[in-house]
Each structure stands twice: as C-alpha cells, then as structure tokens.
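In the working numbering, the protein residues as written are 2 to 297.
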C-alpha cells in the first residue's frame, strides 16, 4: 500500500512520463561506428609513439614505414636514461605540476567562493575584469613576469616555476560557476546555526564541490605537466628542469641529437603518468565537467 501511494504521489508530482524516442538498429550501429572511428583516430598518434618507442631505430626510419615492429626492444629507454636524468626530471615535473595544482585548488576556490557566495560592492566589476584578463595571451606577459621572478632571485628554483602559476582566472571561473549552482539555502541554514564564512566554505561548499575540484585539479596538473614554454625559460639546471623541457633540449644536447626512437621513448615516459591519473579519476572528471556547465 505504501509503495502504491508513493508511486501515485511521484507520478502526480512529476507528471506523465515522456517516452524516449526510439532509435533504430541502423542508427545505433551508425553511432557506434562513428564513435569507434573517432576513438581510433584519437588514439592513433599515441599508438604510433608506443610502438616506435619499442622499435629499433632502423625500423623507425625505414621507408615505407611499418607500424608493427619486427622485434621489441628496450634499448631506446636505456639510451634515453644515458642521455637524460629521466627519474630526476620526472620528479621535477611531479613537484612542479603537483605544487601548482595544490596552490591553485586553495587560491582559486577561495576567490571563487567570494565571487559566488558573498555579496559585496564591486563584485561584478572585479569578476568582469578577471574574465577580461583571459583575453591576454600568456606570451604577452612572459617578459614582465620573468623580470619580476628574476628580480626576486627565483630563476632556476621551484618557487620561480610555481608561484607565477599558483592561481589562474580559468580555474576561478570554473569553480565560481559550480559554486553558483549550489542552493543558497545551504548558506542560510548554516548562518542560522551560527556558522561563519570559513566554516561554510570548508564544511559545506567544498564537500559538495568535489567533482568540480577534481576537474580543475586534473586540468591544472595536465597543463603544467605538459607545459614547455615556462619551464624552458625559467630553468637552465637539470636539477630543477621538468621532463618536458629536458626532452625538448635533448634534440640539441652536447652528445648530439637523440635518435627519433629515443625521443619516442621519452614521449611515452612523459605520457604514462597522465594516462594513469586520468584512469583513476575519469568518472569524477566526467561528472565534474557535466555539472559545472549546468548553470551560469
């Protein structure tokens, strides 16, 4: 009886259910073929990199090119380790990308909370100015930022790499859009119970914003892990230089240009941590992207 009443109430509250338009078998098949083709096209460059990394150099440079190697070898990875401090520079990339991501999570979340949940004079003007700065390309700011960092004596240090990238407008915008979508009643109920802004931010807003925070964290980590221009300018010491900058300089190293197969081995080493990270948080990442764009 209870179930019946509940079903009636639910049906009356929601209204008559809409029937989903039926798709034919041909339409489903066409969608599946299109998705498989798109997946193959997207994954093909990664497949070429992986196979070239385990192929002998002669086969990589042969013509016509052969996609499948006649034999698999790890000689390219051995030569890569001899030419480049791979472990040290991979650690540098992890420190650089991880530190930037951690700082961005804190600073972007604080700024987004203020812009989304606190009413103060000039909030709209500040948000508009922040959005307008997204139109300025990073290359236009490169020289002033480098002069500031150099004046502080932070060239060739992790401080010089991390601090200028510790917060960004895109992350603030992403989190602000998600914070706006959360019900205002949460704040009101917490304030009635005597909670302050810090407690509301830490105990209510952040736990409800985990998908958006994970999404922003992944964007920041991948972007800074793959970044080449800023580490290449800020570092000249291999003790601080990230892996991407090390691979870029490998083509003009003192021991001569590295073979193509060795460069592919280095590219594969640089890709693998990002693939593992995405596989670990892919469900939350997709959920965060979907929820962040629901309300503006």
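Positions of the beta carbon are idealized from the N, C-alpha and C atoms, including for glycine.
Residue range of the alpha helix (DSSP H) that includes residue i
i	result
residue 141	139-152
residue 186	185-193
residue 135	Residue 135 -> no alpha helix (DSSP H), and no H or E assigned at all.
residue 164	Element bounds for residue 164: n/a, residue is neither H nor E.
residue 172	170-182
residue 55	No alpha helix (DSSP H) contains residue 55, which DSSP labels as neither H nor E.
Cα-Cα separation between residue i and residue j, rounded to whole angstroms
i	j	result
residue 10	residue 198	Note that residue 10 has pLDDT 43, beneath the 50 cutoff, so the model's placement of it is unreliable and the number below is only indicative. Answer to the nearest angstrom: the Cα atoms are 38 Å apart.
residue 47	residue 160	33 Å
residue 283	residue 217	13 Å
residue 204	residue 74	53 Å
residue 79	residue 87	10 Å
residue 93	residue 234	15 Å
residue 195	residue 29	55 Å
residue 25	residue 31	10 Å
residue 232	residue 52	28 Å
residue 57	residue 201	59 Å
residue 155	residue 110	26 Å
residue 143	residue 186	43 Å
residue 14	residue 184	Unreliable placement is indicated for residue 14, whose pLDDT of 46 sits below 50; no coordinate value is reported for it.
residue 68	residue 81	22 Å
residue 158	residue 101	14 Å
residue 277	residue 122	45 Å
residue 260	residue 98	28 Å
residue 129	residue 65	55 Å
residue 245	residue 33	36 Å
residue 224	residue 124	29 Å
residue 173	residue 132	9 Å
residue 71	residue 55	10 Å
residue 190	residue 118	14 Å
residue 241	residue 85	13 Å
residue 148	residue 61	43 Å
residue 213	residue 63	47 Å
residue 103	residue 169	12 Å
residue 263	residue 279	25 Å
residue 83	residue 45	29 Å
residue 286	residue 210	12 Å
residue 120	residue 206	16 Å
residue 150	residue 112	23 Å
residue 208	residue 41	37 Å
Given residue i as reference, the closest of the options once Cα atoms are compared
i	options	result
residue 248	277, 127 and 265	265
residue 219	24, 158 and 105	105
residue 272	95, 80, 31 and 79	95
residue 222	153, 238, 275 and 213	275
residue 114	182, 261 and 190	182
residue 136	149, 211, 215 and 171	171
residue 162	236, 69 and 90	236
residue 288	225, 188 and 179	179
residue 91	280, 227, 279 and 285	227
residue 116	35, 139, 175 and 42	175
residue 89	83, 243, 151 and 188	243
residue 270	38, 210, 50 and 41	50
residue 141	152, 215, 177 and 230	230
residue 281	208, 215 and 251	215
residue 107	153, 134, 139 and 167	167
Notebook entry, point to check: Which whole runs of the alpha helix (DSSP H) in the region 203-247 are 4 residues long or more, in chain order?
Noted result: Runs of the alpha helix (DSSP H) inside the region 203-247: 211-227 and 230-235.
Notebook entry, point to check: Of all the beta strand (DSSP E) runs that stay within the bounds of the region 68-117, which reach a length of 3 or more residues?
Noted result: With a minimum length of 3 residues, no continuous beta strand (DSSP E) run stays inside the region 68-117.
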